[in-house]
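Colleague: Sharing a structure, written as structure tokens. Questions coming.
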Amino acid sequence: MSAFLSSVLATFGVSLLSFVGIVFVVRNWKERAEMRAIAFAAGVLLATTFLDLLPEALEHSGNDSSVLAASLAAMVAFYYLERLIHGSHKHHGEESHTGHHAASRYFILVGDGIHNFIDGVAIAASFIVSPELGVLTTLAVAAHELPHEVGDYAILVRSGYTRMRALFYNFLSGLTAVLGAVATFAAADFVEANLAWFIAAVAGMFLYIAAANLIPELHHQRVKGRFIYGLPFLAGVIVIVLLTTYLPA
Ligand SMILES: [Zn+2]
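Reading the sequence shown from the start, the letters are residues 19 to 267 in this note's numbering.
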């Protein structure tokens, strides 16, 4: 299968997975399940970053470590992107003005749209490197998108959207991942010429999501149980170690 077709199918699959996840999972979605999913995703993202993405980035740059600047740049960019989005909607728990809610859901949808677009670029750039890296990056994106999308859906419903509306808009903002993949191939010459930098940037993004979004959320420890946080995290790491070892390169 061509890298283009794989990327479009993978990004569409991730959007669909979030959609189906919300439809079927949300009724039984308990905080425990969410904590498990987040811990698993954190393990997957960290392992993918250090075992697959960074080694690939270094290999493609001919072991030029200056490519790591792209990881740093991605982390800095994500920090500011988050400040922009969260600075505007973080208070929705405490405040109940309708206008505030309406504003917050646009920030969620737009912020999500941007995030998912970048996920789409990450998946496409990985498939350009190799089918193996494409599959691993897709898995890492799917793992963190599922709990993320379910959480966003809940916020959208609380903000006043009907369930169908929240589902529909959430799905639309998920489809920007497909756009990201298509855009990457539209700029394929540029991406291929700077592939090591793109992959290093994806590594920085995954590291940021795991260390700055997911793990702090786990440390809030809203539900008790020492295995809820520990075992899925380790399982996420082990899954990637196994896939890295046994997937045909
Ligand atoms: Zn994502």
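Ideal Cβ positions, reconstructed from N, Cα and C, are used throughout, including at glycine.
Which residues in the same chain have their Cβ closer than 8 Å to the Cβ of Leu261, if we skip the five residues on either side of it in sequence?
Modeller: These residues qualify, in order along the chain: Val153, Leu154 and Leu157.
Colleague: Where does Thr180 sit, in a helix, a strand or coil, going by DSSP?
Modeller: Correct three-state label for Thr180: coil.
Colleague: Could you tell me if the beta carbon of Val159 falls within a distance shorter than 7 Å of some heavy atom in ligand 1?
Modeller: The answer is yes for Val159.
Colleague: Say the cut is 7 Å; is the CB of Asn231 nearer than that to a heavy atom of ligand 1?
Modeller: Asn231 Cβ: outside cutoff for every heavy atom of ligand 1.
Colleague: Report the rounded CA-to-CA distance for Leu127 versus Ala214, giving the unit in angstroms.
Modeller: Between Leu127 and Ala214, the C-alpha separation is close to 30 Å.
Colleague: Candidates Ser144, Leu232 and Pro250: which alpha carbon is nearest Val220's?
Modeller: The option with the nearest alpha carbon to Val220 is Ser144.
Colleague: Confirm the yes/no value for this check: CB of Asp82, any heavy atom of ligand 1, distance under 7 Å.
Modeller: No, Cβ of Asp82 sits at least 7 Å from all heavy atoms of ligand 1.
Colleague: Helix, strand or coil, according to DSSP, for Leu265 in the structure here?
Modeller: If DSSP states are grouped into helix, strand and coil, Leu265 belongs with coil.
Colleague: Leaving out five residues before and five after Met53 in sequence, what residues of the same chain have Cβ atoms less than 7 Å from its Cβ?
Modeller: Within the same chain, Met53 has close Cβ partners Leu236, Val241, Ile246 and Tyr247.
Colleague: Any heavy atom of ligand 1 closer than 7 Å to the beta-carbon of Asn134?
Modeller: Yes, the Cβ of Asn134 comes within 7 Å of a heavy atom of ligand 1.
Colleague: Examine ligand 1 and report whether any of its heavy atoms sits within less than 7 Å of the Cβ of Asp137.
Modeller: Under cutoff, so the answer is yes.
Colleague: Anyone know if the C-beta pair for Gly138 and Leu197 falls short of 8 Å?
Modeller: Yes, they are a contact pair.
Colleague: Terminal residues of the continuous alpha helix (DSSP H) containing His78?
Modeller: Where His78 is concerned, the enclosing alpha helix (DSSP H) stretches over Leu72 to His78.
Colleague: Taking 7 Å as the cut-off, is the CB of His237 close to at least one heavy atom of ligand 1?
Modeller: No, the Cβ of His237 stays beyond 7 Å of every heavy atom of ligand 1.
Colleague: Of all the alpha helix (DSSP H) runs that stay within the bounds of the stretch 135–219, which reach a length of 4 or more residues?
Modeller: The qualifying runs are 149–176, 181–204 and 206–211.
Colleague: Taking the C-alpha atoms as reference points, what is the distance between Phe272 and Ala142?
Modeller: There is no way to answer for residue 272, as the model of the chain reaches only from 19 to 267.
Colleague: Measuring alpha carbon to alpha carbon, tell me which of His166, Asn212 and Leu76 ends up nearest Leu35.
Modeller: Taking only the C-alpha atoms, the option nearest Leu35 is His166.
Colleague: What span of residues does the alpha helix (DSSP H) with Leu64 cover, start to end?
Modeller: Unbroken alpha helix (DSSP H) run through Leu64: Glu49 to Thr66.
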